[in-house]
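Residue numbers (our numbering): 5 to 320. We put the beta carbon where it would ideally sit given N, CA and C, even for glycine. None of the values given here were measured: they were computed from a predicted structure. Below is one structure, written out as structure tokens; comments come after it.
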Amino acid sequence: MHDVYPLLKYTDFPNIYREKLDTLQINLGYKCNQACVHCHVNAGPKRKEQMSKEVMNLILKFIDKNKIKNIDLTGGAPELNTNFKYFTSQLVSRGCHVIDRCNLTVLLEDGQEDLADFLCENEVEIIASLPCYIEENVDKQRGKNVFNKSIRALQLLNKLGYGTNKKLALNLVYNPQGPVLPPSQKELSLDYIKFLGQEYGIVFNNLYTITNMPIARFGSTLVSKNQFDDYMFLLKSSFQKNNLRNVMCRTLLSIDYEGNVYDCDFNQMLKIGINGVKRNIKDIINIDKGQKISVGDHCYGCTAGSGSSCGGDLIE
């Protein structure tokens, strides 16, 4: 695995500053039942790291003190954390809106037979990765038979009311197959709706297009193929200043499985602390508006073209 941080550390990316904090994105661990090519977390079946209940309780105290209502759970496969249901239940009891970033196939894993029902009962929003609606492309990017398992999982969620019940949001995520920018989110969404509906009877609420970030597994692959510089040139030459207003780091705080805090999930993977300093949630009372956000060349991935965030493109 190539260390790409030295290639991203020195940057001319514009200064950006925090607005009011309204979302915590919490990484529950790096274990996953898949090992996707585009994964910026290097997640996989052999990873052991997971958030403890002790750290979860520290985060709950921070949520209570700061009245945070939007909680975005990610991983790896966040559901594989042994305390996933405990933490989710605690969040829901506080009136938080909980998002589960689900790879879909985890719903079919042994021992997870009641997971879909649990998510439904707690009205957890699901943002599910389905990087294409073509079987060959998905399996190439995510592994053999992943597409068919993903379709089965989506049909299961639809039966529970996801995608049709207003309280059960089901959103899909598209990632490009390689070092290119995503196509138009609006136009691609129509293709997904038509194909998945006609071929499999699947319905969903929104499609989010997300740019592949030049870090971790994807960044290392770019280096190995001598494509890193070309991809960075594409990101930088496609920079759109207006996207700076809507980048997710302005209102979001990222927390890793140990409770360390970062300006965003990508900074977490590069170990770039807030203001360049490693800090833990147990030592933080609040996050101040106006605070300068730590940046690097990878930030061009969020501002290129139509922009990219965990909620899709940034075009208003």
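CB of I30 within 8 angstroms of CB of D76, strictly: yes
Quick one: is P49 buried, meaning 16 or more other Cβ sit within 10 Å of its Cβ, or exposed? exposed
May I ask you to report which of helix, strand or coil DSSP gives R98? coil
Rounded to whole angstroms, how far is the Cβ of I297 from the Cβ of Y21, which I believe are closer than 8 angstroms? 6 angstroms
Helix, strand or coil, according to DSSP, for R51 in the structure here? coil
Could you give the uninterrupted runs of the alpha helix (DSSP H) lying entirely in the region 162-229, keeping only those of 4 residues or more? 189-204 and 220-228
How big is the Cα-Cα spacing for D7 and Q231? 15 angstroms
Helix or strand or just coil, what does DSSP make of V299? coil
Closer than 6 angstroms by C-beta to L318: which residues in its own chain qualify, once you throw out the five before and the five after it? Chain order, please. N247, N250 and G311
Compute the beta-carbon to beta-carbon distance between L112 and A157, rounded to the nearest angstrom, for a pair I have assumed lies under 8 angstroms. 6 angstroms
Do C36 and L84 have their C-beta atoms within less than 8 angstroms of each other? yes
Could you tell me whether the Cβ atoms of G309 and L185 are closer together than 8 angstroms? yes
In chain order, what are the residue ranges of uninterrupted alpha helix (DSSP H) at least 4 long that sit wholly in the region 234-295? 269-274
Paired residues, beta bridge with N74 - DSSP: T27 and H101
Determine contact between the region 190-206 and the region 155-172, defined as no fewer than three beta-carbon pairs at a distance below 8 angstroms. yes
Taking the CB atoms as reference points, tell me whether S133 and N175 lie closer together than 8 angstroms. no
Return the Cβ separation of I291 and L257 in integer angstroms, given the expectation that the two are a contact with Cβ distance under 8 angstroms. 6 angstroms
Proximal residues to F88 (C-beta, below 7 angstroms), its chain only, five neighbours per side dropped: L32 and P82
Which partner residues does Y21 have in the DSSP bridge list? K296
Are I276 and G300 closer than 8 angstroms when you measure CB to CB? yes
Taking 8 angstroms as the cut-off, decide whether the C-beta atoms of C100 and I67 are in contact. yes
Taking only beta-carbon atoms, is I219 less than 8 angstroms away from chain D? Absent from the structure: chain D. Only one protein chain is present.
Quick one: what's got a C-beta closer than 8 angstroms to G79's C-beta in the same chain, skipping five residues either side? N31, L32, G33, Y34, K35, C36, V45, A47, N85 and R105
Considering only the beta carbon of each residue, do Q189 and G316 sit closer than 8 angstroms? yes
Where do the N-terminal and C-terminal ends of the alpha helix (DSSP H) with A81 fall, by residue? Premise fails: A81 is in no alpha helix (DSSP H) and is neither H nor E.
Pull up the CB-CB distance for F222 and T307, whole angstroms please, since I reckon it's below 8 angstroms. At roughly 18 angstroms, the Cβ-Cβ gap does not stay under 8 angstroms, so F222 and T307 are not in contact.
Among I138, K171 and F151, which has the Cα closest to the Cα of E127? K171
Between Y178 and I214, is the Cβ-Cβ spacing less than 8 angstroms? yes
Buried or exposed: which applies to N169, given that a residue is buried once 16 or more other Cβ atoms fall within 10 Å of its Cβ? exposed
For S228 and C268, what's the separation of their Cα atoms in angstroms? 26 angstroms
Closest Cα partner of M5 within the set S224, K286, N284 and I288: S224
If the criterion is Cβ atoms closer than 8 angstroms, does the pair Q145 and Q116 meet it? no
If I follow the unbroken beta strand (DSSP E) through E129, where does it start and stop? E129 to S133
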